Amino acid sequence: MSSLNLLAIFNPSNYWRNGYVTIPWQNIVKKFQIPPEELVLSDLRDLSHTPIPAQIDRIDPEDPNRDTLVLSLQKPIPPSSEDGILAAGFIRVDKGKPIPQQIGEPYIEVVYGSEGRERGVRLVNKRLIVWFNLIPAPEDNGRNWFSGSATSIQLDHQEILDPFLAAKGEWLGQDPEKRCLQVSEIQLPGEYHPKSPFYQISLFNHAYRLVAQSSGSVRASITIASEPFDYMGLDPVTGKNRHLVCELYRVISLYAGADYLTEELFVKGKPKHPEDGNEVVNLPVGIHYFAHMNLGKTQDIEQVFPVPDWFAFGSTGYPYAAYGLATNLHIESIIHPHQGNQSYFSWQLLPGEYAKCLHFFMRGQPEGFDAKVGHTWYELIYKPITAVIYEDADVAIQVENKSLVIV
4 MSSLNLLAIF
14 NPSNYWRNGY
24 VTIPWQNIVK
34 KFQIPPEELV
44 LSDLRDLSHT
54 PIPAQIDRID
64 PEDPNRDTLV
74 LSLQKPIPPS
84 SEDGILAAGF
94 IRVDKGKPIP
104 QQIGEPYIEV
114 VYGSEGRERG
124 VRLVNKRLIV
134 WFNLIPAPED
144 NGRNWFSGSA
154 TSIQLDHQEI
164 LDPFLAAKGE
174 WLGQDPEKRC
184 LQVSEIQLPG
194 EYHPKSPFYQ
204 ISLFNHAYRL
214 VAQSSGSVRA
224 SITIASEPFD
234 YMGLDPVTGK
244 NRHLVCELYR
254 VISLYAGADY
264 LTEELFVKGK
274 PKHPEDGNEV
284 VNLPVGIHYF
294 AHMNLGKTQD
304 IEQVFPVPDW
314 FAFGSTGYPY
324 AAYGLATNLH
334 IESIIHPHQG
344 NQSYFSWQLL
354 PGEYAKCLHF
364 FMRGQPEGFD
374 AKVGHTWYEL
384 IYKPITAVIY
394 EDADVAIQVE
404 NKSLVIV
């Protein structure tokens, strides 16, 4: 009998798949007592013990429970059993020397102002270069409505937010208003929810702070938090009205080789007065996005019912730039043209305590870009590959036809 530290991997689809897997890190470190800097993962089927790309991301330094292990399954695994009991594969958890970060893997550059405060962040992989603003006026002029938005997204070294000029090789003269991924406002429950209107907070002209950053072989990731704002309303746990000081947290990640960004959003509230305690409250939040993309004439935007969790739209002319969004929350509304401007897009997500979004950027694909968004929504949000700690560590391993069977 062998004693192994294992993660069981489950593929919920009826076909072979590979891809990314996330699992809470605290569960693993408590179980296996392996420091993050010494964690090495490998496929149990691989007798050479070749390390699997993996990293541990600290999402929020104030909350270790949000620390996340992210790994990349590069070899496809078979479907799990239909009842979800039998795993599709196993990952060996060892203590050793991790793979050093290689050239070309995703990375982050933070740009600081003269006062030492972060002004913006650049996320880079082999396909995307994303400039993300943390301050309202990145050009230090009176135009102070760019906070929390990506004002440049280069796909394969061409700007995707103003694609027609980019296709001509022109960088000067691009629209200075272009931006995407901007959370323009959020909505929190009213004082007597659901009878009263939502409590609205505008964020487009308020700065964010950089909470955490990480990069490795799997992804580059930042956590940012909005300026604190006061909230008088219902505590979702106690049901009583409380005065909270809240922040919107956004975790934005760029995976190796991806042409999309992932984003996770949640609101943290803390009691305003010390006598009310110091526990953190996660409030349900409705998210309103705004984008300014010069795509010219676009195809009609249609949500997919009865599951309106993703959409896509694209230009009808060369270079056929397109954008797509997929989310774990229902999309309440999509407005285009917003305020009568063909370059303005906005959409609203129904409230939830946790939102996960995928932002896709595509070019040169006049048809089928919407199917790509829907398929990725299925694999990364609706039916992701999952992992759990394999509880029975004493296993017998037997090699049959070059595959490993655990009994």
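The opening position of the sequence shown corresponds to residue 4 in our numbering, with each subsequent residue numbered one higher. Quick reminder that beta carbons are idealized off the backbone N, C-alpha and C, glycines included. A quick note: this is a predicted structure, and the numbers were derived from the prediction, not measured.
Selected residue, minimal CA-CA separation from residue i, among the options
i             : options                           : result
glycine 193   : Thr301, Asn147, Ile204 and Asp262 : Ile204
glycine 367   : Asp165, Gly272, Gly317 and His341 : Gly317
tyrosine 357  : Asn331, Ala215 and Gln351         : Asn331
leucine 184   : Phe363, Glu335 and His209         : Phe363
arginine 416  : Asn144, Glu108, Gly123 and Phe149 : Because the chain here runs from 4 to 410, residue 416 falls outside it and cannot be looked at.
alanine 329   : Trp380, Lys271 and Leu44          : Trp380
threonine 73  : Pro141, His52, Ser217 and Leu47   : Note that residue 73 is valine in the sequence shown, not threonine. When each option's Cα is compared against that of valine 73, the closest is Ser217.
aspartate 97  : Pro369, Leu7 and Ser150           : Leu7
arginine 48   : Ile88, Pro39 and Ile94            : Ile94
glutamate 85  : Pro67, Asp143 and Asn17           : Asn17
tyrosine 347  : Gly299, Glu250 and Glu112         : Gly299
glycine 145   : Ala228, Pro179 and Gly219         : Pro179
valine 214    : Asp262, Gln302, Arg120 and Gly176 : Arg120
threonine 319 : Tyr211, Glu370 and Tyr385         : Glu370
arginine 212  : Pro103, Leu286, Ile31 and Tyr115  : Tyr115
proline 39    : Asp46, Ser45 and Ile31            : Ile31
aspartate 46  : Pro64, Pro67, His333 and Gln77    : Gln77
proline 67    : Phe201, Ile88, Ser51 and Lys33    : Lys33
serine 220    : Asp233, Leu353 and Tyr258         : Tyr258
tyrosine 252  : Pro287, Glu278 and Gly280         : Pro287
alanine 294   : Gly280, Ile338, Glu382 and Asp312 : Ile338
Within 9 Å, strictly: CB atoms of residue i and residue j
i              : j                 : result
asparagine 344 : phenylalanine 167 : no
serine 75      : isoleucine 106    : no
serine 152     : asparagine 136    : yes
valine 391     : histidine 291     : no
leucine 191    : glycine 123       : no
alanine 169    : tyrosine 321      : no
arginine 125   : glutamate 142     : no
lysine 181     : serine 155        : yes
Identified DSSP bridge partners for residue i
i              : result
isoleucine 255 : Ile225 and Glu266
histidine 341  : Asn344
serine 187     : Paired residues: none, contrary to the question.
tryptophan 28  : According to DSSP, tryptophan 28 bridges with nothing at all.
aspartate 60   : Thr71
tyrosine 110   : Val127
tyrosine 234   : Leu247
glutamine 302  : Partner(s): none; glutamine 302 has no beta bridge.
proline 274    : Leu247
leucine 362    : A small fix is needed here, since residue 362 is histidine in this sequence, not leucine. Leu264 and Leu328, per the DSSP bridge assignment.
serine 217     : Ser224
Own chain, CB closer than 6 Å to residue i, minus 5 neighbours either side, in chain order
i              : result
isoleucine 388 : Asn14, Gly22 and Val24
methionine 235 : His246
serine 256     : Arg222, Ser224 and Thr265
glutamate 267  : Val254 and Lys359
glutamine 157  : Ile132
asparagine 147 : Pro139, Ala140 and Asn208
proline 81     : Trp19 and Ala91
glutamine 351  : His291, Glu335 and Ser336
glutamate 250  : Ala228, Ser229, Pro231 and Lys271
leucine 9      : Phe93 and Tyr393
isoleucine 1   : An answer regarding residue 1 cannot be provided, because it is not within the stretch 4 to 410 covered by the chain.
For residue i, the three-state DSSP class (helix, strand or coil)
i                 : result
tryptophan 148    : coil
lysine 198        : For lysine 198, the predicted structure reports a pLDDT of 49, less than 50, and the residue's modelled location is therefore unreliable. A value from the coordinates is still provided. Three-state DSSP puts lysine 198 in coil, outside helix and strand.
asparagine 285    : strand
threonine 53      : coil
phenylalanine 372 : helix
glutamate 250     : strand
isoleucine 384    : helix
leucine 44        : strand
proline 192       : coil
glutamate 121     : strand
alanine 294       : strand
threonine 379     : helix
aspartate 279     : helix
proline 101       : coil
leucine 353       : strand
phenylalanine 207 : coil
Other residues of its chain near residue i: CB distance less than 8 Å, five sequence neighbours each side excluded
i              : result
threonine 71   : Thr25, Ile26, Pro27, Trp28, Ile59, Asp60 and Ile62
lysine 198     : Interpretation of lysine 198 is limited by its pLDDT of 49, a score under 50 that renders its predicted location unreliable; the figure taken from the coordinates is listed afterwards. Nothing meets the Cβ criterion.
isoleucine 189 : Gln203, Ile204, Leu206, Leu251, Val270, Val288, Gly289, Ile290 and His291
Cβ-based neighbour list, residue i, same chain, cut-off 7 Å, excluding 5 preceding and 5 following
i                 : result
phenylalanine 372 : Ala315, Gly317, Ala325, Gly327 and Met365
histidine 378     : none
Near the ligand ATP: residue i beta-carbon under 8 Å from a heavy atom
i          : result
lysine 271 : What this structure holds is no ligand at all, so the ligand ATP is not there to describe.
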